[in-house]
Structure formats: structure tokens, C-alpha cells
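Chemist: The opening position of the sequence shown corresponds to residue 1 in UniProt numbering, with each subsequent residue numbered one higher. Sharing a structure with you now.
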Amino acid sequence: MLAQAAAKPWPPTVRFVLGRVEDLGTADIEGPFDAVFAAYLLRNLADPDAGLRTLRGLLRPGGLLAVHEYSVRDSALATAAWNMLCWAVVIPAGWLASGDPSLYRYLRRSVNDFDGAAAFRDRLRDNGFSAVSSQTMPGWQRHMVHTFLAEAPR
């Protein structure tokens with residue numbers, strides 16, 4: 001994904017960095033960055049608060065964090081739809097494609113266990129971000145997948 005993005009024309013000030021958030025403190029990755037985008041990351045970390053603090057530390061004052069993540073806990077309907085989708089499509093398709101359904105079962109559980117959208121917005125604020133907002137995705141992902149935006153302190 002990063003190789004495809006990097007292959008497009010960008011100003012010389014733009015760079016793409018790949019790394020584990022837990023290792024960023026010891027990697028040769030230094031900010032400040034104007035923005036950080038994280039997709040499906042925070043629910044997979046043992047310590048999402050530490051991950052958020054690390055990402056905040058990489059941003060310039062007023063820099064933007066964009067998090068794209070599954071979040072169903074705020075809606076009984078979204079939770080039911082997510083679990084139905086997993087049991088009817090995701091887990092069987094994953095099993096057919098790979099022969100091992102464990103990753104897809106983990107996906108279902110990790111989404112069910114993750115913060116609801118309101119709780120994740122609170123988590124962002126609790127970890128020093130401001131101007132926190134979120135929007136659900138349209139279509140079949142409505143109330144299941146959200147994009148969260150937050151600013152680093154100015």
C-alpha cells in the first residue's frame with residue numbers, strides 16, 4: 001500500500017513511513033509530521049493509550065491524527081450486523097481462502113471488544129488530543145466503520 005502511494009507524484013516534503021507504533025521510539029522515525037493516518041491499528045495494540053501518546057508525539061502542534069477503525073459497541077444494530085457479517089461471510093470466506101479461520105475469528109472478537117465511537121473519542125481526548133470528531137462510513141459499513149479526526153495540542 002505504501003509503495004503504491006509513494007509511486008504517485010508528491011511534493012518533496014512528503015514522505016511515507018512504515019513501522020510498528022511500539023517501535024517508533026527506537027526507530028529512525030522523527031517528527032514533527034503534519035499528519036498521521038492509522039487504519040485498523042489501535043484495537044490491535046496491547047496498550048492503545050501508549051500508542052496514541054506515541055502518535056501524538058510525532059505530530060507538529062495542531063497536526064492531524066486520522067484513525068480509520070471498526071467501532072460497533074455504541075449500536076446494538078451495528079454489533080448484530082457485524083457479527084452476522086462475520087459468521088455468514090468473513091469467517092467462512094477466510095476459511096475457504098486460507099484454510100485457517102483463526103485470523104477472521106480474531107477480527108470479529110477484536111472489533112466487538114474495541115471502544116464504541118463515543119468511548120474512542122473520549123480516549124483521544126484523554127490522551128491529549130483536541131478538536132476530536134468522527135464520522136461513520138456510508139453504505140453497508142454504516143455504524144461499523146468510522147473515521148476519527150483529532151488534533152495534537154497547539
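Where is the CB? At the ideal position from N, CA and C, for every residue including glycine.
From this set, Ala39, Arg43, Arg56, Pro48, which residue's C-alpha is nearest tyrosine 106's C-alpha?
Modeler: The option with the nearest alpha carbon to tyrosine 106 is Arg43.
Chemist: Return the CA-CA distance between arginine 121 and methionine 144, expressed in angstroms with no decimal places.
Modeler: Straight-line Cα distance between these residues: approximately 15 Å.
Chemist: Go ahead and pull the three-state DSSP assignment for tyrosine 70.
Modeler: Tyrosine 70: strand per DSSP, three-state reduction.
Chemist: Who does valine 145 pair with in a DSSP beta bridge?
Modeler: Tyr70.
Chemist: Any idea if glycine 51 is buried or exposed, counting beta-carbon neighbours within 10 angstroms, 16 or more meaning buried?
Modeler: Per the 10 Å Cβ criterion, buried.
Chemist: Just the C-alpha distance for tryptophan 87 and alanine 81, rounded to the nearest angstrom, thanks.
Modeler: Distance between the alpha carbons of tryptophan 87 and alanine 81: 10 Å.
Chemist: Strictly by DSSP, which residues pair up with residue 159?
Modeler: Because the chain spans 1 through 154 in this model, residue 159 falls outside it and cannot be assessed.
Chemist: Following the continuous alpha helix (DSSP H) through alanine 119, name the residue where it begins and the one where it ends.
Modeler: Segment 117 to 126, the alpha helix (DSSP H) holding alanine 119.
Chemist: Start and end of the alpha helix (DSSP H) containing glycine 36?
Modeler: Per the sequence shown, residue 36 should be read as valine rather than glycine. Not the alpha helix (DSSP H): valine 36 falls in the beta strand (DSSP E), residues 33 to 39.
Chemist: Report the option in Ala118, Asp115, Arg109, Ala152 whose CA atom is closest to the CA atom of asparagine 127.
Modeler: Checking every option, the nearest Cα to that of asparagine 127 belongs to Ala152.
Chemist: Output yes or no for whether 7 Å exceeds the beta carbon distance between tyrosine 104 and isoleucine 91.
Modeler: It is a contact, given that the beta carbons lie within the stated cut-off.
Chemist: Hey, how far is the Cα of alanine 118 from the Cα of alanine 46?
Modeler: Distance between the alpha carbons of alanine 118 and alanine 46 is about 20 Å.
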